[in-house]
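Enquirer: Just dropping this structure here.
In the working numbering, the protein residues as written are 1 to 517.
Right under this line is the structure:
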């Protein structure tokens with residue numbers, strides 16, 4: 001409305017016309033054209049509103065063909081120029097339109113930057129009449145049953161189509177643009193989310209292959225599209241797809257324990273060939289050779305922070321790791337949370353999205369730190385050494401075991417009466433022996449002390465090559481070294497014998513089924 005109101009005011013100033021004079025001229029012109037006579041008390045306020053840029057004033061003068069012609073004559077400009085400068089088109093609404101459609105169009109017309117105004121016809125006859133009389137209007141039809149009439153009358157018309165965020169005019173959709181989509185969801189809990197057309201397309205393909213069965217990520221896509229929102233997906237889901245397309249390898253997505261694991265190994269620091277991506281407290285962190293590429297796919301939605309303190313601090317971490325391959329240091333000890341150095345390091349790591357408690361806890365959960373000494377020399381223990389080893393086993397068997405650790409408890413009990421070979425203990429070792437349980441069943445038992453931890457019930461932790469027992473101040477590694485000899489006298493039936501029996505039974509069943517055929 002600003003262009004039209006500014007133009008009219010400038011035109012009146014240039015022609016030295018007062019508003020009162022224009023109002024009078026408008027009244028005369030309207031009466032001469034057979035329009036409904038209006039009082040000056042009505043015309044003058046409406047003209048003031050028109051000149052001030054009010055939509056109310058524009059509708060009063062411009063939505064009626066006789067008033068528009070009277071105004072153009074009173075001001076001294078053409079009707080076409082007035083409509084062009086107005087920049088707003090009148091929508092004549094079909095009374096048969098769905099109530100929601102009509103309300104939506106009227107509500108959108110109230111926007112300060114609206115490009116349309118709405119008037120409603122009372123019935124079908126009035127709809128046709130208003131369409132013919134209102135200059136430059138657009139008739140919004142509920143259906144195409146009146147198409148022939150409006151085409152014959154040379155009146156512009158349109159229907160509407162449903163959209164998740166509202167309705168669109170089939171013709172001239174720019175007149176009533178859809179409301180903007182809500183901002184994309186950038187976090188799911190603490191997990192960063194990003195839009196990805198490529199990932200969305202992969203989800204759609206996968207959904208069609210599953211015949212419509214929706215997983216959580218499928219539902220996320222469908223719900224976002226139903227609401228007309230930009231769908232977003234977890235970066236740890238999108239990242240591997242984009243990395244594969246870009247031929248980017250060795251990236252660990254959203255898995256801080258993977259990075260922490262590198263601190264727990266014998267070598268301080270992390271594998272320089274791997275790029276790690278992780279989050280904490282809604283912050284995204286990245287380190288490694290592909291860090292810049294990760295930043296590029298996360299932007300502009302997330303800033304991927306680089307590391308500022310881990311390089312200089314990794315040596316400090318390693319000093320507290322009993323299994324780091326470092327020169328002997330008589331002052332070396334395991335750190336405790338009460339140490340000032342520990343607390344300072346914990347704060348610095350926290351700023352990088354990492355938790356020192358998890359790193360320290362991971363040292364105990366390390367899969368038997370053989371990196372500290374890859375080759376052990378064995379010797380059959382003499383009686384005195386065996387007694388010392390058995391005393392260590394007795395101290396372990398006096399502990400409380402969880403129900404899940406019962407099997408390992410009885411294996412330790414068998415070791416108590418077995419022949420033992422000892423392995424030279426290292427700092428932190430309570431016990432390190434090899435026990436022959438009979439029938440070729442040989443196990444290695446290593447118990448590590450953590451004197452700064454509180455003792456707890458021994459809990460079983462299954463690993464690929466054996467079993468671990470964690471009891472707070474002690475961690476026990478039990479590794480199988482042999483289970484190949486199938487002797488009936490074995491106190492523990494050999495696993496391979498059980499597997500062979502199962503395979504024999506399966507083979508017999510197959511042969512019997514073949515004979516039946």
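Here a beta-carbon is modelled for each residue, glycine too, at the ideal position from N, C-alpha and C.
All of these numbers come straight from a predicted model, not from anything done at the bench.
Does the distance from the CB of residue 420 to the CB of residue 435 come in under 7 Å?
Expert: It is a contact, given that the beta carbons lie within the stated cut-off.
Enquirer: Let's test the definition: count the other Cβ atoms within 10 Å of the Cβ of residue 411 and tell me whether it reaches 16, buried, or not, exposed.
Expert: It counts as buried.
Enquirer: Within a Cβ cutoff of 7 Å, which residues of the same chain sit near residue 274, ignoring the five residues on either side of it in sequence?
Expert: If we look at residue 274 and ignore the five residues flanking it on each side, its Cβ neighbours are 250, 252 and 288.
Enquirer: Nearest by alpha-carbon distance to residue 167: which of 183, 189, 154 and 142 is it?
Expert: Comparing Cα positions, the closest option is 142.
Enquirer: Pick out the complete beta strand (DSSP E) segments inside the region 419 to 443, 3 residues or longer, and give them in chain order.
Expert: List check, beta strand (DSSP E) in window: 419 to 423 and 429 to 436.
Enquirer: Report, in whole angstroms, the separation of the C-beta atoms of residue 69 and residue 33, which I expect to be a contact under 8 Å.
Expert: Right, the Cβ-Cβ distance comes to about 6 Å (below 8 Å), so this counts as a contact.
Enquirer: Taking 8 Å as the cut-off, does the region 118 to 125 touch the region 151 to 163 (at least 3 CB pairs, one atom from each stretch)?
Expert: Touching, no.
Enquirer: Would a C-beta distance cut-off of 7 Å place residue 437 and residue 460 closer than the cut-off?
Expert: No.
Enquirer: For residue 449, which three-state DSSP category applies?
Expert: If DSSP states are grouped into helix, strand and coil, residue 449 belongs with the strands.
Enquirer: How long is the line joining the alpha carbons of residue 432 and residue 476, rounded to whole angstroms?
Expert: Spanning the two alpha carbons is a distance of roughly 10 Å.
Enquirer: Below 8 Å on the Cβ atoms is my contact criterion, and I expect residue 192 with residue 279 to pass it. Report the Cβ-Cβ distance as a whole number of Å.
Expert: Indeed, because the Cβ distance is near 6 Å, the residues count as touching under 8 Å.
Enquirer: Which residue comes first and which comes last in the alpha helix (DSSP H) that contains residue 222?
Expert: Element bounds for residue 222: 216 to 226.
Enquirer: Is it the case that the Cβ atoms of residue 238 and residue 184 are separated by a distance below 7 Å?
Expert: No. Outside cutoff.
Enquirer: Please classify residue 50 as buried or exposed, where buried requires at least 16 other C-beta atoms within 10 Å of its C-beta.
Expert: That one is buried.
Enquirer: For residue 43, report the span of its alpha helix (DSSP H) as first-last.
Expert: Its alpha helix (DSSP H) spans residues 40 to 51.
Enquirer: Compute the Euclidean distance between the alpha carbons of residue 379 and residue 414, then round it to the nearest angstrom.
Expert: Rounded to whole angstroms, residue 379 to residue 414 spans 20 Å at the Cα level.
Enquirer: What is the DSSP secondary structure of residue 302, counted as helix, strand or coil?
Expert: Coil, per DSSP.
Enquirer: Residue 303 to residue 173, Cα distance in whole Å?
Expert: Rounded to whole angstroms, residue 303 to residue 173 spans 37 Å at the Cα level.
Enquirer: For residue 446, which residues from the same chain have a beta carbon less than 6 Å from its beta carbon, with the 5 sequence-adjacent residues on both sides left out?
Expert: If we look at residue 446 and ignore the five residues flanking it on each side, its Cβ neighbours are 432 and 477.
Enquirer: Relative to the alpha-carbon of residue 223, which residue among 122, 200 and 137 has its alpha-carbon at the smallest distance?
Expert: Of 122, 200 and 137, the residue nearest in Cα terms is 200.
Enquirer: Below 8 Å on the Cβ atoms is my guess for residue 401 versus residue 458; work out the distance and round it to an integer in Å.
Expert: Right, their Cβ atoms sit about 5 Å apart.
Enquirer: Which runs of the alpha helix (DSSP H) spanning at least 4 residues fall entirely within the region 86 to 117, listed in chain order?
Expert: Runs of the alpha helix (DSSP H) inside the region 86 to 117: 99 to 109.
Enquirer: So, residue 455 versus residue 440, is the Cβ gap smaller than 7 Å?
Expert: No. Outside cutoff.
Enquirer: I want to know whether the region 126 to 139 touches the region 89 to 96 - three or more CB-CB distances under 8 Å.
Expert: Yes, they touch.
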